[in-house]
Amino acid sequence: MTMNERKIIDLEQGWEYMQKGITKLKNILEGLPEPQFSSEDYMMLYTYPEFLLYVLFEFHLLVHRTIYNMCTQKPPHDYSQQLYDRYKEAFEEYITSKVMPSLREKHDEFMLRELVKRWSNHKVMVRWLSRFFHYLDRYFIARRSLPPLNEVGLTCFRDLVYKEINTKVRDAVIVLIDQEREGEQIDRALLKNVLDIFVEIGMVSMDCYVADFEDAMLCDTAAYYSRKASNWILEDSCPDYMLKAEECLKREKDRVTHYLHASSEQKLLEKVQHELLFVYASQLLEKEHSGCHALLRDDKREDLSRMFRLFSRINKGLDPVSLIFKHHVTAEGIALVKQAEDAASSKKAEKKDVVGLQEQVFVRKVIELHDKYLDYVNNCFQNHNLFHKALKEAFEIFCNKGVASSSSAELLANFCDNILKKGSSEKLSDEAIEETLEKVVKLLAYISDKDLFAEFYRKKLARRLLFDKSANDDHERSILTKLKQQCGGQFTSKMEGMVMDLTLARDHQSHFEEYLSNNPNADPGIDLAVTVLTTGYWPSYKSFDLNLPAEMIKCVEVFKEFYQTKTKHRKLTWVYSLGTCNINGKFEPKTMELIVTTYQASALLLFNASDKLTYSEIMAQLNLTDDDVTRLLHSLSCAKYKILNKEPNTKNVSQSDTFEFNPKFTDKLKRIKIPLPPVDEKKKVIEDVDKDRRYAIDAKIVRIMKSRKVLTHQELVSECVKQLERMFKPDIKAIKKRIEDLITRDYLERDKDKSNTFRYLA
Amino acid sequence: MRRSSTRKTGTPTSASSLNSAADLFRSGIALQISIGWDNNYEADMDKLSKVFTSFCSPEGIENLCSDIQVDHTDVRILMLAWKMQAAKQGYFTLDEWRQGLRSLRADTVAKLKKALPELEKEVSKPGNFKDFYAYAFRYCLTEEKQKHIDIESICILLELVLGSQYRPQVDSIIEYLRYQKEYKVINMDQWMSIQRFCDEINFPSLENYNPDYGWPLLLDNYVEWMRGNPC
Numbered sequence: 001m002t003m004n005e006r007k008i009i010d011l012e013q014g015w016e017y018m019q020k021g022i023t024k025l026k027n028i029l030e031g032l033p034e035p036q037f038s039s040e041d042y043m044m045l046y047t048y049p050e051f052l053l054y055v056l057f058e059f060h061l062l063v064h065r066t067i068y069n070m071c072t073q074k075p076p077h078d079y080s081q082q083l084y085d086r087y088k089e090a091f092e093e094y095i096t097s098k099v100m101p102s103l104r105e106k107h108d109e110f111m112l113r114e115l116v117k118r119w120s121n122h123k124v125m126v127r128w129l130s131r132f133f134h135y136l137d138r139y140f141i142a143r144r145s146l147p148p149l150n151e152v153g154l155t156c157f158r159d160l161v162y163k164e165i166n167t168k169v170r171d172a173v174i175v176l177i178d179q180e181r182e183g184e185q186i187d188r189a190l191l192k193n194v195l196d197i198f199v200e201i202g203m204v205s206m207d208c209y210v211a212d213f214e215d216a217m218l219c220d221t222a223a224y225y226s227r228k229a230s231n232w233i234l235e236d237s238c239p240d241y242m243l244k245a246e247e248c249l250k251r252e253k254d255r256v257t258h259y260l261h262a263s264s265e266q267k268l269l270e271k272v273q274h275e276l277l278f279v280y281a282s283q284l285l286e287k288e289h290s291g292c293h294a295l296l297r298d299d300k301r302e303d304l305s306r307m308f309r310l311f312s313r314i315n316k317g318l319d320p321v322s323l324i325f326k327h328h329v330t331a332e333g334i335a336l337v338k339q340a341e342d343a344a345s346s347k348k349a350e351k352k353d354v355v356g357l358q359e360q361v362f363v364r365k366v367i368e369l370h371d372k373y374l375d376y377v378n379n380c381f382q383n384h385n386l387f388h389k390a391l392k393e394a395f396e397i398f399c400n401k402g403v404a405s406s407s408s409a410e411l412l413a414n415f416c417d418n419i420l421k422k423g424s425s426e427k428l429s430d431e432a433i434e435e436t437l438e439k440v441v442k443l444l445a446y447i448s449d450k451d452l453f454a455e456f457y458r459k460k461l462a463r464r465l466l467f468d469k470s471a472n473d474d475h476e477r478s479i480l481t482k483l484k485q486q487c488g489g490q491f492t493s494k495m496e497g498m499v500m501d502l503t504l505a506r507d508h509q510s511h512f513e514e515y516l517s518n519n520p521n522a523d524p525g526i527d528l529a530v531t532v533l534t535t536g537y538w539p540s541y542k543s544f545d546l547n548l549p550a551e552m553i554k555c556v557e558v559f560k561e562f563y564q565t566k567t568k569h570r571k572l573t574w575v576y577s578l579g580t581c582n583i584n585g586k587f588e589p590k591t592m593e594l595i596v597t598t599y600q601a602s603a604l605l606l607f608n609a610s611d612k613l614t615y616s617e618i619m620a621q622l623n624l625t626d627d628d629v630t631r632l633l634h635s636l637s638c639a640k641y642k643i644l645n646k647e648p649n650t651k652n653v654s655q656s657d658t659f660e661f662n663p664k665f666t667d668k669l670k671r672i673k674i675p676l677p678p679v680d681e682k683k684k685v686i687e688d689v690d691k692d693r694r695y696a697i698d699a700k701i702v703r704i705m706k707s708r709k710v711l712t713h714q715e716l717v718s719e720c721v722k723q724l725e726r727m728f729k730p731d732i733k734a735i736k737k738r739i740e741d742l743i744t745r746d747y748l749e750r751d752k753d754k755s756n757t758f759r760y761l762a
Numbered sequence: 001m002r003r004s005s006t007r008k009t010g011t012p013t014s015a016s017s018l019n020s021a022a023d024l025f026r027s028g029i030a031l032q033i034s035i036g037w038d039n040n041y042e043a044d045m046d047k048l049s050k051v052f053t054s055f056c057s058p059e060g061i062e063n064l065c066s067d068i069q070v071d072h073t074d075v076r077i078l079m080l081a082w083k084m085q086a087a088k089q090g091y092f093t094l095d096e097w098r099q100g101l102r103s104l105r106a107d108t109v110a111k112l113k114k115a116l117p118e119l120e121k122e123v124s125k126p127g128n129f130k131d132f133y134a135y136a137f138r139y140c141l142t143e144e145k146q147k148h149i150d151i152e153s154i155c156i157l158l159e160l161v162l163g164s165q166y167r168p169q170v171d172s173i174i175e176y177l178r179y180q181k182e183y184k185v186i187n188m189d190q191w192m193s194i195q196r197f198c199d200e201i202n203f204p205s206l207e208n209y210n211p212d213y214g215w216p217l218l219l220d221n222y223v224e225w226m227r228g229n230p231c
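Just so you know, the protein sequences line up as chains U and D, in that order.
The opening residue of the first sequence carries number 1 in the working numbering; numbering runs sequentially from there.
The opening residue of the second sequence carries number 1 in the working numbering; numbering runs sequentially from there.
What follows is the structure in structure tokens.
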């Protein structure tokens, strides 16, 4: 049949035909028996909507054609508008007559199930009817810019069902959620389906989901957790509370995975965090017996890790935690300091060895403390910057407190000396030593007076090198490398120079011996070894004009001649206080070899000429200070080995004493070392460092002003402090003094108009 | 009449024995007299030179002082010195002396005496006062490379130069200077700062004193002392 010959389909006629299909569809959806449509088919419907095609196949084609015809007929028989309207009415009719009544009579979970079913049905109906009426979509709707068919279908459901029922639905869902929170099992799939409706109803936007469901759900969640938290905070310990909180968060996340829309996750978790953690943060942390402080005290690492995980979720949540951590570590450190102080001031402390031991123990404990809490930072606190900072600040506080009269710089230097010297009290493997040295250098980072440490270290190093007390060259070099890495080359350049000098000294010595063998006349008859030190590298030593015994004078002369042959432009200054002598003592029981210092040897050799000598005579002959004389005589007459007899035989040397060679002296060993305890260099070290600091501040001020030309007082001071920080913390008053001095010396001037500003004078 | 060019004054004041404005004056002027005289012995012995001559001896200064009826410990003597010296500190020629007196419009001792109040006003103008104040310090430096003046002399100088204008501060500062032991001498920068301090800082509250501003340490210590010793 051609177009022209087409039989006109009348509206009602055509509609009657359509209605059959629609009714069939509705019946199927209602579950009413339909020929060729069994209950199994009904199940299939949901899974494979295309299944309907089989059922409605014949209708499908014919319906299409009918619609096509009715739409393309010439006016007044073009029924597009009517068909469009009746399409919509079909839904309205079905919804009002069947869907809504059935929903209204159900409640709670039953209602939800019904809704899900009805919605699913509706979607099927929309899909099919819009297929039937498809032709309208192609031309009529486009031409008139009307909503397309599927949208019309959805809108019907939204306006007639959703609008009326969504509040009830929402409340029912929330009730179920709360039940699940209380531990009951609920039908998660059902909830997912219900919530999908909220999403789909909004078509492209999430507005319906958010406004009609999510907002209320979040509100309810907040209220729920607020109630819980207010109970838990009173009843539970901090760790228990945290366990519950962590569990809740996990469950809520789970909820999202299973039925809430993904977009709710962040908002939901934030609400929960807020109610459980943010609101009660300080109460939780400060709980008396189980709060953060207690957890640190009791080493509850797992709880602390949990605390970190939880508090890192809330804004600035970690700040109070890191603060408590810092206070804790500081307190522990200060306790160690106090412990060491108490030990130092106790009665036992009169013995010098005990003091030394206490110092060792103290430094060891500080190292251990550091190890322990660094581990916390790395593990429990996941290497977080805040905690690294807290640890650093804590250590900076107590590491700069000295113990008794010794600064921490000195203590560390002594500690190193103890490890590096021979016969050390610490019996450690090479590996352990390396590790310990590594840790000590790390501690140095916390000490503000690094230059003081350097000076003490240098002094000790000098003694180790010169008295051959260094246990292991490799360790000596290794710690210098570590110090260089941490503090820069300038820090270690002098020390490296010292080590170098010793190496060179060996060369010199072999040349000297060669010289002696080539010049037998020059030979002083005593084995002589000389170590030439480069002045700049070594600590400064006062050289006293010791009156050398004749034998030694010749040695000195010979070396001087030899040295002249090597270099002409250098001046040799002899430091007798650092020398060592091996002397044979012809005692009655047996001859023994005594290893003593040059000072001691010079004193002993006096007794070759006289049997008895008074203190004053000895002092006059040696030409040393009272201090030195007293010390050396003490070491020879009042200490472990009594080479000389003292009259009167009191414990200490006094200026009225007389001394006599002790012929009866003996020991089971053939060779003994008679130590001369070194004079306390502490005061001198501090003086030297203060002096160096003045120069350093001077130089720094000049350098800064030279480059900046004009600066205010405050700018200059703060720049100075910043630049010197690596080595020491300059005293503001000291800086002021140097500025004043530089003004007097015409390096700087004060600006005439702005009296707080300085100007560089070229 | 030619005077010996090696004529010297009494012992040039060592920093610690300075005890009056006349000494200050004397030490400066007397030295110059001998030199000035030498350079200009052929000069016209005009009126001004007569005045000059009349006190070219240590006693002469006393005479001058009594002639113009000014005590030799009076600050106006120092002001006179300042007026005279504009060119070079502690050293002026007969010419400058002449010019100085000329600018004061004083060719007789009587007129000199009358010109004193004018001079005082001139000195107290803010621009001039600072200059005068600095001059006072430099005038006490006797050795060539000297940069410091001892505490006791400073106290006298302070009293002389600032006493009338800043009585309470000066009294208090002098008391502190004598009490503290850290500084034995004062340099120019500290000296100038004292005047600034009196000028800018509220006394006795001291509440607008800001140690971060860059005041010399001496004044920081002074303020600390004041605050620890409420009077």
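Using N, Cα and C, we set each Cβ at its ideal position, and we do this for glycine too.
Just so it is clear, the structure is predicted and the values come from calculations on it, not from any experiment.
Check	Outcome
Based on the DSSP secondary-structure assignment, which residues constitute the bridge partners of threonine 658 (chain U)?	U:Thr614, U:Glu647
List, from N- to C-terminal side, the beta strand (DSSP E) runs of 3 residues or more that fit wholly inside the segment 104-174 of chain D.	148-150
For a contact defined as C-beta to C-beta under 9 Å, what are the partners of histidine 713 (chain U) on chain D?	Asp212, Tyr213, Gly214, Trp215
Beta-carbon separation of leucine 412 (chain U) and isoleucine 447 (chain U) under 8 Å?	yes
What is the DSSP secondary structure of isoleucine 583 (chain U), reduced to helix, strand or coil?	strand
So, under 8 Å CB-CB, leucine 177 (chain D) and cysteine 155 (chain D) are touching, yes? Tell me the CB distance rounded to an integer number of Å.	6 Å
Please identify the residue among U:Leu748, U:Gln360, U:Glu435, U:Lys737 whose C-alpha is closest to the C-alpha of serine 406 (chain U).	U:Gln360
For methionine 100 (chain U) versus leucine 29 (chain U), is the C-beta spacing smaller than 8 Å?	no
Taking 8 Å as the threshold (C-beta atoms), are serine 282 (chain U) and proline 320 (chain U) in contact?	yes
Please name the residue in U:Asn231, U:Asn378, U:Val173 whose C-alpha comes closest to that of tyrosine 209 (chain U).	U:Val173
At what residue ranges does the segment 689-728 of chain U contain a whole run of the alpha helix (DSSP H), taking only runs of 4 or more?	713-724
Under 8 Å, Cβ to Cβ, is there at least one residue of chain U near asparagine 187 (chain D)?	yes
May I ask which residues mark the beginning and end of the alpha helix (DSSP H) holding glutamate 551 (chain U)?	550-566
For the segment 157-191 of chain D, which residues have a beta carbon sitting closer than 9 Å to at least one beta carbon of chain U?	Asn187, Met188, Asp189, Gln190
Alpha carbon to alpha carbon, how far is asparagine 39 (chain D) from aspartate 741 (chain U)?	Below a pLDDT of 50, predicted positions are generally treated as unreliable, and asparagine 39 (chain D), at 39, falls in that range; the measurement from the model is reported next regardless. Straight-line Cα distance between these residues: approximately 39 Å.
Evaluate glycine 489 (chain U) with the Cβ neighbour count: other Cβ atoms within 10 Å of its Cβ, from every protein chain shown; 16 or more gives buried, anything less gives exposed.	exposed
Relative to chain U, which residues along the segment 138-152 of chain D have a C-beta separation below 8 Å, given in chain order?	Lys147, His148
Assign alanine 22 (chain D) to buried or exposed, taking buried as 16 or more other Cβ atoms, counted over all protein chains shown, within 10 Å of its Cβ.	In this prediction, alanine 22 (chain D) scores a pLDDT of 49, lower than 50, which makes its location untrustworthy; the coordinate-derived value is nonetheless stated afterwards. Flag for alanine 22 (chain D) reads buried.
Helix, strand or coil: how does DSSP classify glycine 214 (chain D) here?	coil
Determine the contact status of aspartate 507 (chain U) and threonine 534 (chain U), defining contact as a CB-CB distance below 8 Å.	no
For arginine 196 (chain D) and chain U, any beta-carbon pair shorter than 8 Å?	yes
By Cβ distance, which residues of its chain are closer than 6 Å to cysteine 399 (chain U), with the 5 residues on each side in sequence left out?	Ser408, Tyr446, Ile447
Would you check if the distance between the CB atom of phenylalanine 132 (chain D) and the CB atom of methionine 79 (chain D) is smaller than 8 Å?	yes
Report buried or exposed for serine 292 (chain U), applying the criterion of at least 16 other Cβ atoms within 10 angstroms of its Cβ.	Reading the sequence as shown, one finds cysteine at residue 292 (chain U) and not serine. Cysteine 292 (chain U) comes out buried.
Assign arginine 383 (chain U) to one of two classes, buried (16 or more other C-beta atoms within 10 Å of its C-beta) or exposed (fewer than that).	The question names arginine, but residue 383 (chain U) is asparagine in the sequence shown. Exposed, since its Cβ has fewer than 16 Cβ neighbours within 10 Å.
Using the Cα positions of lysine 338 (chain U) and arginine 726 (chain U), report the straight-line distance between them to the nearest angstrom.	28 Å
Do valine 185 (chain D) and histidine 148 (chain D) have their CB atoms nearer than 8 Å?	yes
Between the Cα of proline 168 (chain D) and those of D:Tyr213, D:Lys181, D:Leu206, D:Ser153, spot the shortest distance and give me the residue it belongs to.	D:Leu206
Over the uninterrupted alpha helix (DSSP H) stretch that includes glutamine 396 (chain U), give me the two end residues.	The question names glutamine, but residue 396 (chain U) is glutamate in the sequence shown. Looking at the DSSP string, the run of the alpha helix (DSSP H) that includes glutamate 396 (chain U) is 385-399.
Taking 8 Å as the CB-CB limit, is glutamate 719 (chain U) close to chain D?	no
Within 8 Å of any Cβ in chain D, is that where the Cβ of threonine 257 (chain U) sits?	no
Please check the pair methionine 592 (chain U) and aspartate 667 (chain U), which I expect to be a contact at CB under 8 Å, by giving their CB distance rounded to whole angstroms.	7 Å
Short of 8 Å in beta carbon distance, which residues of its chain neighbour lysine 389 (chain U), apart from the five on each side in sequence? Order them along the chain.	Ser322
Of all Cβ atoms in chain D, is any one closer than 8 Å to the Cβ of isoleucine 704 (chain U)?	no
Flag leucine 759 (chain U) as yes if its beta-carbon sits less than 8 Å from any beta-carbon of chain D, otherwise no.	For the sequence presented, residue 759 (chain U) should be read as arginine rather than leucine. Chain D, which has no Cβ nearer than 8 Å to the Cβ of arginine 759 (chain U), makes this no.
Rounded to whole angstroms, what is the Cα-Cα separation between serine 637 (chain U) and lysine 590 (chain U)?	19 Å
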